[in-house]
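Input: a single structure, listed below in structure tokens.
Residue numbers (full-length UniProt numbering), protein chains in the order written: chain A, 1 to 463; chain B, 1 to 463.
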């Protein structure tokens, strides 16, 4: 499953970790959680830090790292399980695949390094095991300077420095995830006229990922109610005037993610009001991508998107005033309340298990401002960083019907003009963008963003 | 979401539980487990006992039951979450939907009934909460007579008596799951000639379920290696001479399952050897279904299948000897090692969270015999019990290459004759069968079992 390039990248990751982190580290892969009874489980997903350094999604495994050397702790399945699950690779074969210098049974973990650093896994059964085997608390990493868990923080910081920039193994995987995701969205667009429900379009999209043996990297959003930002139910019928917002991404079998959003008209044709706001969101998207290069502050991209949206809404007549002043007052955030993007890698919000430690540069914290509080990334861009760019426009009742907000922004919103855009509940356009030494490369550029091209795909008139 | 019939069945279930179980019971619904970071979760599945009595899959809820009365403990989402997740029903609205007599915040659980019985949930985070809030261990129910957890055992036994027989609400759901599952398998058959991989067929099948807003009730098996009984990976290409074994079932949004297996030729035509063994498995399937009626011991159905298979293998020349004697020696289990079926309901192995307490009648235990040890159900059948009937024939290397077994059964297997059937790795035919007062009804009978009809669907010649 691993190519020679993959194996050499794994070796390099461990070597670099050994240079950035002194001492021993133990990382658990986790186990598949039970669904309704013990034997009926959700699909296994190994923890991302484990995947980053071990390469393969081995269930119930631990790796020990010290000075660039890898020890694999894993128990071969009991021979009786071959009846139910077929033959398994031996521990020695797996150790060879991933390039582990040593391999031992799981029972050897406790004695290997009782003072090792670790990072808590999401699987709560395995988290209990971490606490027991290490004989100490293993609290979540939050980015705070907790003295007791210093070694874990050091390990987290060392891993962040590695994982912020994607190597050749990662990029091959991320391109594969992007490619399959593009194909899945295209299937969604091309099949929309054949279906009458959100659920049916979701099925078309996810079936493309499934046919490539990829799970979804996160719960797909396939909705005519795009104003619900994390809408992961699919109960609605499609009506001719609806916009369908699709935020869906594949994850490769080795765990690498894509994260893509498109919004298209169910009928195959945007209304004039939909088109105005679609083009505005696209302008923000394009402006951000054009501005990406190493050294640029991601927060400035967010403010550029805010500025583009505020300015466009003034032109359309929905907002009143000077765009700069509107952004300073966070008036744009009535319609674009979330951040412009985030890190992407093994996790769709990469390293979000570490709180804001990965997303925010040292010394920086979330800002309380309405227009900035949901920004997940505030760092200068570096080459080989992969980020999403995902501006949006939404009419969210929880914001627009909020009496306090209506009063606070009463002078700068033209509510009558806004009412003319009632056929726009939510629009988002999101691509996966790799920072390069010269600027950037959009990994998902094969998926159309221009309104006429999107319409053509929905209408089925593009081969 | 709940019909008046559903609501009246829920009321009746609670009333009956109140008659069979004295005292108070608390049942937790659980929470969605995290996948790779806290906010990225697997789809939520409420615990089945909760679903049985509450009706709706409410996340992070607890119900209190006493003398047929229901108290709902649940916290409404924080208003800030409306931005991300949209508006939510109020606790009062949900209480009204499910017919709860009282509704309280979650913080009221601890004081409501500290001596209540409960059943451990699969979600390990919630299981910790059960232990903390009740201030006592909440061990898994295993069917053993553990003194300390007597009240939990009593509650389990009372619930088993209810859940063994499906009421009108359950049957409407189970029929819906069966219907969607039949459509999914038909899509799989009809699309096989268009595809070249297991993964692509799986995608076709699951997309039908997804389009109906149904998850899979368990990890689908879609494999050309049917000899691996619980094969839930999809890496293989389809070759013209392969048989494809598909074991896949939908679960309704309210949690009710189907569990169906068909085996079809990738080319659209069984070879002569495949057809011989297919017809043999089908004969066992049909014999069991014909024998089902109230009062019949499920174990006798298993032995009937074993007898049918042993007898057929003698006719074919793979086994040598008297069929009765072969079954007594468990020779049939070389090729049919698993049980003939199991309970089906909210869980695909219904109530398997209670160990064998539901599957085995009081006083009965698993038998050590090779041919019986994997039987999951050993009870006399009752009207409105839903069971699977799923005989199979497999060539499993872990069994057939086992030197001890080859010696033990050396005199009764014709290995040369068996070698002529090398194009049969695994065949299983499984239907969902409801026991009725007169006999039984196959809920999944719309899916063909006869070889010529299966071939016609694969060849696309059946409308």
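Beta carbons are placed, not taken as given, at the ideal position from N, Cα and C, and that holds for glycine.
If you're wondering where the values come from, they're calculated on a predicted model, not measured in any experiment.
Rounded C-alpha distance that separates residue i from residue j
i, j, result
"residue 202 (chain B)", "residue 250 (chain B)", "13 Å"
"residue 217 (chain B)", "residue 323 (chain A)", "52 Å"
"residue 305 (chain B)", "residue 285 (chain B)", "7 Å"
"residue 153 (chain A)", "residue 15 (chain A)", "19 Å"
"residue 460 (chain B)", "residue 268 (chain B)", "9 Å"
"residue 369 (chain A)", "residue 398 (chain A)", "18 Å"
"residue 428 (chain A)", "residue 352 (chain A)", "22 Å"
"residue 100 (chain A)", "residue 385 (chain A)", "27 Å"
"residue 279 (chain B)", "residue 333 (chain B)", "18 Å"
"residue 89 (chain B)", "residue 126 (chain B)", "23 Å"
"residue 355 (chain A)", "residue 36 (chain B)", "13 Å"
"residue 56 (chain B)", "residue 209 (chain A)", "30 Å"
"residue 391 (chain B)", "residue 7 (chain A)", "44 Å"
"residue 132 (chain A)", "residue 109 (chain A)", "11 Å"
"residue 92 (chain A)", "residue 81 (chain A)", "19 Å"
"residue 77 (chain B)", "residue 454 (chain B)", "49 Å"
"residue 79 (chain B)", "residue 139 (chain A)", "28 Å"
"residue 266 (chain B)", "residue 205 (chain B)", "15 Å"
"residue 243 (chain A)", "residue 420 (chain A)", "16 Å"
"residue 371 (chain B)", "residue 47 (chain B)", "32 Å"
"residue 185 (chain A)", "residue 142 (chain A)", "35 Å"
"residue 136 (chain B)", "residue 383 (chain B)", "38 Å"
Test: residue i CB closer than 8 Å to a CB of chain B
i, result
"residue 13 (chain A)", "no"
"residue 33 (chain A)", "yes"
"residue 206 (chain A)", "yes"
"residue 39 (chain A)", "yes"
"residue 191 (chain A)", "no"
"residue 437 (chain A)", "no"
"residue 2 (chain A)", "no"
"residue 137 (chain A)", "no"
"residue 150 (chain A)", "no"
"residue 425 (chain A)", "no"
"residue 194 (chain A)", "no"
8 Å Cβ cutoff, residue i in contact with chain A
i, result
"residue 147 (chain B)", "Confidence is the limiting factor: at residue 147 (chain B) the pLDDT is only 46, short of 50, which leaves the residue's position unreliable and the question unanswerable from this model."
"residue 234 (chain B)", "yes"
"residue 349 (chain B)", "yes"
"residue 432 (chain B)", "no"
"residue 57 (chain B)", "no"
"residue 414 (chain B)", "no"
"residue 256 (chain B)", "no"
"residue 229 (chain B)", "yes"
"residue 352 (chain B)", "yes"
Own chain residues within Cβ distance below 7 Å of residue i, not counting five before or after
i, result
"residue 376 (chain B)", "339, 342, 349, 359"
"residue 231 (chain A)", "221, 223, 225"
"residue 148 (chain A)", "Confidence at residue 148 (chain A) is low in this model, with a pLDDT of 44, below 50, so its placement is unreliable and no value can be given for it."
Close-in-space but distant-in-sequence residues of the same chain around residue i (CB under 8 Å, 5 per side omitted)
i, result
"residue 17 (chain A)", "25, 53, 65, 68, 158, 159, 162"
"residue 450 (chain A)", "282"
"residue 117 (chain B)", "21, 23, 24, 25, 26, 151, 152, 154, 155"
Proximity below 8 Å, CB of residue i to CB of residue j
i, j, result
"residue 248 (chain B)", "residue 200 (chain A)", "no"
"residue 196 (chain B)", "residue 238 (chain B)", "yes"
"residue 119 (chain A)", "residue 62 (chain A)", "no"
"residue 83 (chain B)", "residue 396 (chain A)", "yes"
"residue 326 (chain B)", "residue 412 (chain B)", "yes"
"residue 430 (chain B)", "residue 389 (chain B)", "yes"
"residue 345 (chain A)", "residue 166 (chain A)", "yes"
"residue 378 (chain B)", "residue 316 (chain B)", "no"
"residue 458 (chain B)", "residue 189 (chain B)", "yes"
Residue-level contact to chain D via CB, residue i, 8 Å cutoff
i, result
"residue 212 (chain B)", "Among the protein chains of the structure shown, namely A and B, there is no chain D."
Same chain, Cβ closer than 6 Å to residue i, neighbours up to 5 away in sequence not counted
i, result
"residue 181 (chain A)", "249, 250, 258, 260"
"residue 11 (chain A)", "99"
Item to check | Near-chain B residues of the stretch 376-401 of chain A (beta-carbon distance less than 8 Å), N- to C-terminal order | outcome: 396, 397, 398, 399
Checklist entry - Quick one, which residues of the stretch 315-332 of chain B are near chain A if we go by CB-CB under 9 Å, in chain order? => result none
Checklist entry - the stretch 78-94 of chain A: which residues have C-beta closer than 8 Å to a C-beta of chain B, in chain order? => result 79, 82, 83, 84, 85, 86, 87
Checklist entry - Between the stretch 285-318 of chain A and chain B, which residues of the former have a C-beta closer than 9 Å to a C-beta of the latter? => result none
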